[in-house]
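See structure below.
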Amino acid sequence: MNKTIAVIRGDGIGPEIVGEAIKVLDAVAAKFGHSFTYQEAPMGGCAIDQFGVPLPDSSLETCLKADSVLLGAVGGPKWDAQPSANRPERGLLKLRASMGLYTNVRPARMFQDLAAACPLRSDIAAKGIDFVVVRELIGGVYFGDHSTTDENGEKKAVDIMSYTEHEVRRVAHVAFQMARKRRRRVTSVDKANVLDTSRLWRKVVTEVAQEYPDVELLHMYVDNAAMQIVRDPSQFDVLVTENLFGDILSDEASQITGSIGMIPSSSMGEGTNGLYEPIHGSAPDIAGQNKANPIGTILAAAMMLRYSFDMPTEADAIEHAVDETLKSGHRCGDILQSGGTLVTCTEMGSQIVSRI
Ligand code: IPM
Ligand code: MG
17 MNKTIAVIRG DGIGPEIVGE AIKVLDAVAA KFGHSFTYQE APMGGCAIDQ FGVPLPDSSL
77 ETCLKADSVL LGAVGGPKWD AQPSANRPER GLLKLRASMG LYTNVRPARM FQDLAAACPL
137 RSDIAAKGID FVVVRELIGG VYFGDHSTTD ENGEKKAVDI MSYTEHEVRR VAHVAFQMAR
197 KRRRRVTSVD KANVLDTSRL WRKVVTEVAQ EYPDVELLHM YVDNAAMQIV RDPSQFDVLV
257 TENLFGDILS DEASQITGSI GMIPSSSMGE GTNGLYEPIH GSAPDIAGQN KANPIGTILA
317 AAMMLRYSFD MPTEADAIEH AVDETLKSGH RCGDILQSGG TLVTCTEMGS QIVSRI
């Protein structure tokens, strides 16, 4: 198959990790007889430097026309002084909205070979960590009106959180369908004891659940969920929640696996074109030093093959190569606590390529 992939290398360690993911994709293409064409789409701080805006129209168009989008990471302290409407993150938010990517899937899985890097008590970790955060991605407070005004001699800032029923319903369906392929349990996270948006969220999710009688539905307040994730993560299978709660809980969930550098994510809407990226950020402190762990991005490429290109065998090949590489003891700095030999970003990529 021929596929066009828009490539957003981004800032910080972005270009390094994306380079390794492309190495792996090329190895897959060669082995399985596909051809992947890469089209560069500058976004983030580098686009601000080059074009004055975080997401130039030409990049957006490249992403919209592609079969799928691969992203490294955007942002960094260099662009902190940018006005809020022109920050690197704005490019990402605009891209998500323009592509209609309402579902963000972030697996929190502890790799058995890396159990020693898990920061939780060993009796908790021993029960296993394998759940998925399904985060609503283009609604809620992220996309409500934002304003800062002067009132009675001081500044006042307002951010509106809003949800419509259809915005909740479509992401709820994704969560239930995913649960059907897993352990058939959905935990819907909200703050229905305080927020109207959460009460609507809970009502719609409960309605959608009627269509999935084979899936168990639990509701949990977000503060409790934050606690339960560290108290007993084994209770979660699919956790579905709104945009801001999902942003926060998915960082927490990734950290307890002990390997934030290893976790991929997908963002999808109605079509097959999706956005795939590692869940970690641009790590400016180690940028350009060939130290970053490319596995999150490489596993994001595997997700792309599985979900956007319907290439499950090829995706398996990547995931298997990653597992084998870890088994043979190769480690980047972020996962070195679990023992093994320290390798560079490019070496990690090559080790994985050699096992495709
Ligand atoms: C994420 C990031 C983004 C978000 C930022 C960079 C806008 O934290 O993908 O989780 O808040 O969605
Ligand atoms: Mg985040």
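Counting in my numbering, the sequence shown runs from 17 upward without gaps. Cβ coordinates follow ideal geometry from the N, Cα and C atoms, glycine included.
- Message: Threshold first: 4 residues or longer. Then list the alpha helix (DSSP H) segments lying entirely within the region 265-351, N to C.
- Response: Segments of the alpha helix (DSSP H) lying fully in the region 265-351: 311-323, 328-343.
- Query: The alpha helix (DSSP H) with residue 250 in it runs from where to where?
  - Reply: That residue, residue 250, is in no alpha helix (DSSP H); it is neither H nor E in DSSP.
- Query: So what does DSSP say about residue 399, is it helix, strand or coil?
  - Reply: This structure cannot settle anything about residue 399, because the visible part of the chain is limited to 17 through 372.
- Query: Under a Cβ-count criterion, where at least 16 other Cβ atoms within 10 Å of its own Cβ denotes burial, should residue 210 be classed as buried or exposed?
  - Reply: The residue in question, residue 210, is exposed, as its Cβ has fewer than 16 Cβ neighbours within 10 Å.
- Tell me whether residue 27 counts as near the ligand MG, meaning its Cβ is closer than 8 Å to at least one heavy atom of that ligand. No; taking the cut-off as 8 Å, the Cβ of residue 27 has no heavy atom of the ligand MG nearer than that.
- Have a look at the DSSP bridge pairing and note the partners of residue 237. 206, per the DSSP bridge assignment.
- With 16 other CB atoms within 10 Å as the buried threshold, where does residue 18 fall? Within 10 angstroms of the beta-carbon of residue 18 lie fewer than 16 other beta-carbons, which makes it exposed.
- Would you kindly check if the distance between the Cβ of residue 357 and the Cβ of residue 326 is under 9 Å? No, the pair does not count as a contact, with Cβ atoms beyond the cut-off.
- Message: DSSP three-state label for residue 147, please.
- Response: Reduced to three states, the DSSP call for residue 147 is strand.
- Message: Below 8 Å on the Cβ atoms is my contact criterion, and I expect residue 88 with residue 360 to pass it. Report the Cβ-Cβ distance as a whole number of Å.
- Response: 17 Å between Cβ atoms; not a contact.
- Message: Among 350, 330, 352, whose alpha-carbon lies nearest the alpha-carbon of residue 40?
- Response: Among 350, 330, 352, the Cα nearest to that of residue 40 belongs to 330.
- Task: Measure the C-alpha to C-alpha separation of residue 161 and residue 177 and round it to an integer number of angstroms.
- Result: A straight line joining the alpha-carbon of residue 161 with that of residue 177 spans about 8 Å.
- Query: Would DSSP call residue 232 helix, strand or coil?
  - Reply: Note: residue 232 maps to strand in three-state DSSP.
- Message: If you follow the alpha helix (DSSP H) that residue 30 is in, where does it begin and where does it stop?
- Response: 30-48 is the span of the alpha helix (DSSP H), which, as asked, contains residue 30.
- Message: DSSP has residue 55 in a bridge; who is on the other side?
- Response: Answer is 22.
- Assuming residue 151 contacts residue 257 (C-beta within less than 8 Å), just tell me the rounded distance between them. That belief holds up - the Cβ atoms of residue 151 and residue 257 are roughly 6 Å apart, short of 8 Å.
- Query: Could you give the C-beta distance for residue 284 and residue 119, rounded to a whole number, given that I count them as a contact under 8 Å?
  - Reply: That belief holds up - the Cβ atoms of residue 284 and residue 119 are roughly 5 Å apart, short of 8 Å.
- What are the start and end residues of each continuous beta strand (DSSP E) run of 3 or more residues lying completely inside the region 71-143, in chain order? DSSP assignment within the region 71-143 yields the following whole beta strand (DSSP E) runs of 3 residues or more, N-terminal first: 84-89, 119-125.
- Which whole-angstrom value is the C-beta distance of residue 224 and residue 185, which I expect to be below 8 Å? About 6 Å separates the beta carbon of residue 224 from that of residue 185, a gap short enough to meet the 8 Å contact definition.
- Quick one: what does DSSP say residue 222 is sitting in, helix, strand or coil? Residue state, collapsed to three classes: helix.
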